[in-house]
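Visitor: Here it is: the structure, laid out below.
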Amino acid sequence: MFKVHVVDAANSVAYREQLDQYFKLRHHIYVGERGWRTLKRPDGREMDAFDTPDATHLLGITAAGQVVGGSRLVPSLKPHLMSEVFPQLVSGRIQRGQDIFEWTRFFVARHLREPGRSCQAAGIIYCGVLELCLQRHISHLTIVCEDYWLERFASIGWQPKRLGPSKESDGTWIVGIMVDISPAALATTRQIYRISGPVLCDDARIKTVA
Numbered sequence: 001m002f003k004v005h006v007v008d009a010a011n012s013v014a015y016r017e018q019l020d021q022y023f024k025l026r027h028h029i030y031v032g033e034r035g036w037r038t039l040k041r042p043d044g045r046e047m048d049a050f051d052t053p054d055a056t057h058l059l060g061i062t063a064a065g066q067v068v069g070g071s072r073l074v075p076s077l078k079p080h081l082m083s084e085v086f087p088q089l090v091s092g093r094i095q096r097g098q099d100i101f102e103w104t105r106f107f108v109a110r111h112l113r114e115p116g117r118s119c120q121a122a123g124i125i126y127c128g129v130l131e132l133c134l135q136r137h138i139s140h141l142t143i144v145c146e147d148y149w150l151e152r153f154a155s156i157g158w159q160p161k162r163l164g165p166s167k168e169s170d171g172t173w174i175v176g177i178m179v180d181i182s183p184a185a186l187a188t189t190r191q192i193y194r195i196s197g198p199v200l201c202d203d204a205r206i207k208t209v210a
């Protein structure tokens, strides 16, 4: 279907065209489909204060070069969505550490979604996130998300932990959670989404990614 490419400051020049697609698709989905009007930009590219050189983007790219899914990881030791915008979702101190990253901006293109269920395309992005985290010794992810994600993450073995109270935002209820990263979670996710092996791309452009 597609492979997941890892893009960060070290190789972003090689992915200039795909990153442009990625930010435009984010705008189409988050502003156009989900109605998050506060994210609207006149250039049609959804970018925020955390799309910095510290961010790592995971792009689902087809063999034809089309971006059809994506996500983003930001180090918890740097400013991130939970620490700067939604600290009220956490009871107590914000979870930070070398092995803790924030995961945001997950999406798949509309034509790959399956009504009434989480589609295989979503599973590919999930697996890409898990594979990268295991490679980089990231043990936990913090997430700002709609409250229904708690049950979804639990169903695929990610052991979600709610960090504090929920909050209404743009007409939906959001929560702050933390999930565990483990080989078992990756194995369960692959099984549930019928994914037989690694999904991260081994393209030469990502060889510089540590």
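Per the numbering used here, the sequence shown starts with residue 1, numbered consecutively.
We put the beta carbon where it would ideally sit given N, CA and C, even for glycine.
Apart from the five residues on each side of it in sequence, which residues of its chain come closer than 7 Å, Cβ to Cβ, to residue 94?
Guide: Result list for residue 94: 82, 83 and 87, in chain order.
Visitor: Within the same chain, show all residues whose beta-carbon is closer than 6 Å to that of residue 9, passing over the 5 residues directly before and after it, in chain order.
Guide: Here the set comprises 53.
Visitor: With distances taken Cα to Cα, identify the nearest neighbour of residue 48 among 24, 64, 150 and 61.
Guide: Of 24, 64, 150 and 61, the residue nearest in Cα terms is 24.
Visitor: Kindly identify the DSSP beta-bridge partner or partners of residue 169.
Guide: Paired residues: 172.
Visitor: Can you tell me which of the three DSSP states residue 142 falls into?
Guide: Three-state result, residue 142: strand.
Visitor: Nearest to residue 74 by alpha carbon, out of 39, 33, 56 and 189?
Guide: Among 39, 33, 56 and 189, the Cα nearest to that of residue 74 is on 56.
Visitor: Check the C-beta distance from residue 27 over to residue 45 and give it rounded, since I have them as a contact under 8 Å.
Guide: Indeed they touch by this definition, with Cβ atoms about 6 Å apart.
Visitor: Of all the options 38, 140 and 162, which has the alpha carbon lying nearest to the alpha carbon of residue 92?
Guide: Here the closest residue by C-alpha is 162.
Visitor: For residue 126, which option in 36, 20, 29 and 195 has the closest C-alpha, if you only look at C-alpha atoms?
Guide: Nearest option by C-alpha distance: 195.
Visitor: Evaluate residue 22 with the Cβ neighbour count: other Cβ atoms within 10 Å of its Cβ, from every protein chain shown; 16 or more gives buried, anything less gives exposed.
Guide: Label assigned to residue 22: buried.
Visitor: Hey, is the stretch 163–181 in contact with the stretch 104–123, meaning 3+ C-beta pairs nearer than 8 Å?
Guide: These segments do not touch.
Visitor: With H, G and I counted as helix, E and B as strand and the rest as coil, what does DSSP make of residue 163?
Guide: Looking at residue 163 - three-state DSSP - the assignment turns out to be coil, as it is neither helix nor strand.
Visitor: For residue 201, collect the residues of the same chain with a Cβ closer than 8 Å to its Cβ; drop the 5 residues on either side in sequence, then sort them by chain order.
Guide: 3, 4, 5, 6 and 61.
Visitor: Suppose you measure from the CA of residue 149 to the CA of residue 63; what does that come to, to the nearest Å?
Guide: Going by the C-alpha atoms only, they are around 30 Å apart.
Visitor: For the beta strand (DSSP E) containing residue 104, list its first residue and its last residue.
Guide: Note, residue 104: beta strand (DSSP E), 100–108.
Visitor: State buried or exposed for residue 111, treating a residue as buried only when at least 16 other CB atoms are found within 10 Å of its CB.
Guide: By the neighbour-count rule (16 or more Cβ atoms within 10 Å), residue 111 is not buried but exposed.
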